[in-house]
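*Asks:* One structure, as structure tokens, below. Some questions next.
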Amino acid sequence: MLSKLSYVSRPMDRPYLYTTFAERLHQLAEAQPTKEAFVFYDFHGSRSSLTRKQLLEQSVAVGKRFVQLGVKKGTPVAMSMYNSFDMLLLQTGLMLAGGVPVYLSTTLKDGSDLIDMLNAMEVEILIMDVLSKDAVAIIEKLFDNSCPTVSLKHILYSGNIIEDHAGKITKMYIKEFLVSPAPEDVVFPDLQPEDTLAHFCSSGSTGKPKAITYTHFGMLNWTALTNAAFGIKDQSVWFCDRTFSWVVGYPRTYFIEGTTRVFFDMRMTVSGKEVKRVFDIIEAERCDVIYLPGYLLRDVCSRSDLSDKLRFVKSFVLSGERISRSAVTELQKIAPTASLHSYYGTTETGGTASYTMTDPSQWEDGIIGSPFRGVEMKLVDDNGCVVPKGESGELLVRCAWRFRGYKTKEFGVDDLNWFHTGDVAFLRDDHQLVINGRKKELISIGTSKFLPWQIEEVLRKCPGVANAFAFGVPDPRLKQVVCACVVSKSGVQLTTDDLVKYCDDTFLDEDPALVVCGKPTYHVIL
1 MLSKLSYVSR
11 PMDRPYLYTT
21 FAERLHQLAE
31 AQPTKEAFVF
41 YDFHGSRSSL
51 TRKQLLEQSV
61 AVGKRFVQLG
71 VKKGTPVAMS
81 MYNSFDMLLL
91 QTGLMLAGGV
101 PVYLSTTLKD
111 GSDLIDMLNA
121 MEVEILIMDV
131 LSKDAVAIIE
141 KLFDNSCPTV
151 SLKHILYSGN
161 IIEDHAGKIT
171 KMYIKEFLVS
181 PAPEDVVFPD
191 LQPEDTLAHF
201 CSSGSTGKPK
211 AITYTHFGML
221 NWTALTNAAF
231 GIKDQSVWFC
241 DRTFSWVVGY
251 PRTYFIEGTT
261 RVFFDMRMTV
271 SGKEVKRVFD
281 IIEAERCDVI
291 YLPGYLLRDV
301 CSRSDLSDKL
311 RFVKSFVLSG
321 ERISRSAVTE
331 LQKIAPTASL
341 HSYYGTTETG
351 GTASYTMTDP
361 SQWEDGIIGS
371 PFRGVEMKLV
381 DDNGCVVPKG
391 ESGELLVRCA
401 WRFRGYKTKE
411 FGVDDLNWFH
421 TGDVAFLRDD
431 HQLVINGRKK
441 ELISIGTSKF
451 LPWQIEEVLR
461 KCPGVANAFA
471 FGVPDPRLKQ
481 VVCACVVSKS
491 GVQLTTDDLV
501 KYCDDTFLDE
511 DPALVVCGKP
521 TYHVIL
């Protein structure tokens with residue numbers, strides 16, 4: 001019976017790492033003090049680097065300054081910065097001092113979302129890049145008390161000059177803080193593996209942002225398993241442009257193997273305007289393991305001239321969205337000798353599964369493969385029952401190193417320690433998992449569920465359609481029905497009548513097995 005259910009696991013066949021980032025920082029510097037630990041390229045493409053010894057010494061000095069500023073073990077310190085060596089040294093020094101970074105972002109001009117989190121997390125220090133008029137306005141609000149904060153005492157900032165204010169909150173330029181005299185008689189607190197390392201804030205796509213708490217133990221252990229899966233070793237050169245404020249981009253890989261990390265200011269990679277320069281740098285640094293989020297994957301696939309730039313690459317790690325077979329087929333043409341890995345994880349669980357392509361015909365859109373060591377996965381229906389193989393269900397994950405919990409909302413793990421990811425997947429006969437979409441994206445018609453992308457794929461085949469979107473809209477009887485929105489190609493006069501006729505000719509009015517079907521009820525030309 002169990003063999004027919006959608007459950008997969010892999011036993012843990014090695015001891016857990018029971019140490020801290022602080023201990024690893026010292027061990028790595030002692031082992032190879034002159035080896036480059038991090039290489040950074042700023043927005044203008046200028047290179048700088050830190051050796052292991054430099055990283056340790058400068059982080060210790062920063063940590064002492066934080067202690068002088070009043071940081072104790074457990075002090076929450078908010079950070080909202082672009083990737084830079086300043087950010088790296090600030091967060092590493094803060095960790096040595098016992099402080100806990102709270103990685104925040106703001107999407108609202110008035111900064112109310114950031115201020116809400118400052119209060120919810122009882123933040124005492126805010127470290128922020130203030131590079132726009134809107135950012136200046138947010139800081140001014142904090143100083144003039146128009147948006148009062150409960151516990152904020154200090155602001156460290158870079159960028160635009162902030163006017164002096166009288167009040168309880170002090171300010172200092174980050175560069176001044178980093179070069180100020182460090183006290184000598186500082187004793188750092190004793191850090192334990194299960195102490196809190198950091199709070200990572202989600203995007204808040206399901207409501208207000210969640211502060212996701214990680215321990216040293218949790219972050220180190222899933223990183224070690226990820227490194228093993230992708231062949232990341234001490235001599236590897238790992239390229240990852242992700243911000244340090246996300247779990248994927250956090251500078252964790254170095255602390256396991258001592259791997260050199262090459263990173264950028266993310267604005268350089270996200271803009272899409274510096275594609276050649278990005279890959280020139282990857283070639284110059286001889287990066288052999290590359291993290292490719294969706295936008296960089298599309299950049300590579302659209303530029304066959306980049307093939308020579310990837311000659312040192314041994315492994316591509318593909319993540320962040322459903323990876324299509326067409327994309328990996330193109331990537332394989334450009335870099336035929338490199339291994340291609342689909343990588344799955346969540347902020348709450350870290351990396352938990354991967355799939356390595358050996359046969360392109362076996363790559364299925366959305367494939368995430370099988371669990372890492374020490375991970376269990378199962379698929380359940382709306383009643384919590386495990387679904388048979390081949391049927392779609394919500395993906396649940398269980399592992400020892402998951403996040404500690406949320407600081408700003410109810411715990412996201414059930415009584416049996418399963419984390420509910422919200423992703424919808426199915427298990428193939430070869431025990432490989434494939435992601436279909438998100439549970440919240442499902443369109444519920446009657447008692448039947450439809451994934452938007454399945455409908456969108458059909459809509460995109462309509463003559464004259466450049467892009468298409470499908471989503472559920474309320475219906476008084478069926479709960480939801482499908483609304484189809486399409487964007488017409490340039491120069492094409494597509495009408496609503498054309499779209500209705502295409503849907504009538506293409507979609508069934510009803511499915512014998514389900515009675516209802518995913519045929520759109522409403523049609524919109526954008």
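So the sequence shown is residues 1 to 526, counted in the UniProt record's numbering. Each residue gets a CB set at the ideal place from its N, CA and C atoms; glycine is no exception. Please read all numbers here as calculations on a predicted model, not as lab measurements.
#1: Mind checking Met219: buried by the 16 CB within 10 Å criterion, or exposed?
#2: Report back the beta-carbon spacing between Thr51 and Glu30 to the nearest angstrom; my notes put them in contact at under 8 Å.
#3: Are Arg14 and Pro371 close, meaning C-beta to C-beta below 8 Å?
#4: Considering only residues of the region 375–460, which uninterrupted alpha helix (DSSP H) runs meet the minimum length of 4 residues and lie entirely inside it, listed in chain order?
#5: Quick one: Cα of Thr213 to Cα of Lys73, how far?
#6: Between the C-alpha atoms of Glu321 and Thr347, what's the straight-line distance to the nearest angstrom?
#7: Kindly indicate which three-state DSSP category Ile127 falls into: helix, strand or coil?
#8: Report the rounded CA-to-CA distance for Ser392 versus Pro463, giving the unit in angstroms.
#9: Where does His44 sit, in a helix, a strand or coil, going by DSSP?
#10: Pick from Arg428, Val424 and Asp429: whose alpha carbon is nearest that of Lys440?
#11: If I'm right that Leu156 touches Ile139 with Cβ under 8 Å, what's the distance once you round it to whole angstroms?
#12: Report the option in Asp164, Thr337, Tyr291 and Tyr250 whose CA atom is closest to the CA atom of Asp308.
#13: Could you tell me whether the region 96–104 touches the region 220–238, where touching means 3 or more Cβ pairs closer than 8 Å?
#14: Take every Cβ of the region 78–88, pair it with every Cβ of the region 238–250, and state whether three or more of those distances are shorter than 8 Å.
#15: Rounding to the nearest angstrom, what Cα-Cα distance links Ser354 and Phe471 in this structure?
#16: Enumerate, from N- to C-terminal direction, the unbroken alpha helix (DSSP H) stretches of 4 or more residues contained entirely within the region 143–204.
#17: Excluding sequence positions up to five away, which residues of its chain have a Cβ less than 7 Å from the Cβ of Leu88?
#18: Classify Thr206 as helix, strand or coil using the three-state DSSP reduction.
#19: Quick check on the DSSP output: the beta strand (DSSP E) that includes Lys479 runs from which residue to which?
#20: Does the beta-carbon distance from Val386 to Tyr7 come in below 8 Å?
#21: Helix, strand or coil: which one does DSSP assign to Asn221?
#22: Would you grab the beta carbon distance between Asn221 and Trp401 for me? Rounded to a whole angstrom, and I think it's under 8 Å.
*Replies:* Per the coordinate set shown:
#1: Buried is the call here.
#2: About 12 Å separates the two Cβ atoms, so there is no contact after all.
#3: Not closer than 8 Å, so no.
#4: Runs of alpha helix (DSSP H) with 4 or more residues, each lying fully within the region 375–460, are found at 452–459, listed in chain order.
#5: When only Cα atoms are considered, Thr213 and Lys73 end up about 15 Å apart.
#6: Going from the Cα of Glu321 to the Cα of Thr347 covers about 14 Å.
#7: It is a strand residue.
#8: Cα atoms of Ser392 and Pro463: separation of roughly 31 Å, rounded to the nearest angstrom.
#9: Looking at His44 - three-state DSSP - the assignment turns out to be coil, as it is neither helix nor strand.
#10: When the alpha-carbon of Lys440 is set against those of Arg428, Val424 and Asp429, the nearest one is in Val424.
#11: Not really, about 11 Å apart at Cβ, beyond 8 Å.
#12: Out of Asp164, Thr337, Tyr291 and Tyr250, Thr337 has the C-alpha closest to the C-alpha of Asp308.
#13: Pairwise C-beta distances place the region 96–104 out of contact with the region 220–238, as fewer than three of them are shorter than 8 Å.
#14: With the cut-off at 8 Å, the region 78–88 and the region 238–250 touch.
#15: Their backbone Cα atoms lie some 29 Å apart in a straight line.
#16: Runs of the alpha helix (DSSP H) inside the region 143–204: 174–179.
#17: So the list reads Phe38, Phe244 and Pro251, once near-sequence residues are dropped.
#18: A caution first: Thr206 carries a pLDDT of 45, below 50, which makes its placement in the model too unreliable to give a value.
#19: Element bounds for Lys479: Lys479 to Ser488.
#20: Cβ distance < 8 Å, so Val386 and Tyr7 count as in contact.
#21: Per DSSP, reduced to three states, the secondary structure at Asn221 is helical.
#22: Right, the Cβ-Cβ distance comes to about 4 Å (below 8 Å), so this counts as a contact.
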